[in-house]
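Once you know that position 48 of the sequence shown is 48 in the UniProt record's numbering, the rest is easy, because the numbers rise by one and skip nothing. Backbone N, C-alpha and C fix where the C-beta goes; we use that ideal spot for every residue, glycine too. Since this is a predicted model, take the numbers as computed values, not measurements.
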Amino acid sequence: MPIELDDIEPLLTEAEEAFRWGGQQPEDGLDISDAGLIQLRKACRSLSGAYRLLSDGYYTLTIEAAFTSIEKTLLFWLIHEGHHDPSNPPQSHTTAIQRSAEVGFISDEIATRLVDLWRMNRAQTYYQDGLATQERATALLKLATHTHSYIIDLVRVRHECVCE
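Here is the structure:
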């Protein structure tokens, strides 16, 4: 039986209105106007959440959050260095990786491997074609943490980081 509008209409309307109206309570640490720092801090939140999810055994979500952190951290760097217009949202989850290679921040080999890792593992795990494991989640989370730390140290913005 398909879901009909009557089945979800009040909740759908409530969700639409929540995204339409301002004046709401933002997440701590994200109530800033600098587009680059927002991406950085979203990456921090993704990392913090990933560690909690990993410890609770949610490996699929850990993988998702780790990939998000890598994407947001690279996007932070691109915005910070003037290589990305923050008013132009990325076209895909791999845009920041590919753009980072285009401007020479990461090598083509690293970009290819990250994109392949995303395509072969993140997408497969997310859509349950692949199996999320503790070992996979842990390895990707280590990569995301190292990437994040490397970039914030390179740009010297550790003081802006809200990682836990």
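Among the options, the one whose alpha carbon lies nearest that of residue i
i: A65; options: P10, L75 and L54; result: L54
i: F105; options: S87, H159 and L75; result: L75
i: Q98; options: S87, N88, G82 and L78; result: L78
i: H93; options: R136, P86, E102 and S69; result: S69
i: A96; options: N121, M120 and F67; result: F67
i: D51; options: V155, T13 and L140; result: At residue 51 the sequence reads Tyr, which differs from the Asp that was named. Nearest of V155, T13 and L140 to Y51, Cα basis: L140.
i: L131; options: R20, S107 and T62; result: T62
Residue i, buried or exposed, once every other Cβ within 10 Å from all chains shown has been counted against 16
i: Y150; result: exposed
i: G82; result: exposed
i: I3; result: exposed
C-beta atoms of residue i and residue j nearer than 7 angstroms
i: T138; j: T73; result: no
i: Y59; j: T145; result: no
i: V155; j: H80; result: yes
i: E160; j: L37; result: yes
i: A35; j: P86; result: yes
i: V157; j: G29; result: no
Reduced DSSP category for residue i - H, G, I as helix; E, B as strand; rest coil
i: R136; result: helix
i: I151; result: helix
i: H84; result: coil
i: S69; result: helix
i: R156; result: coil
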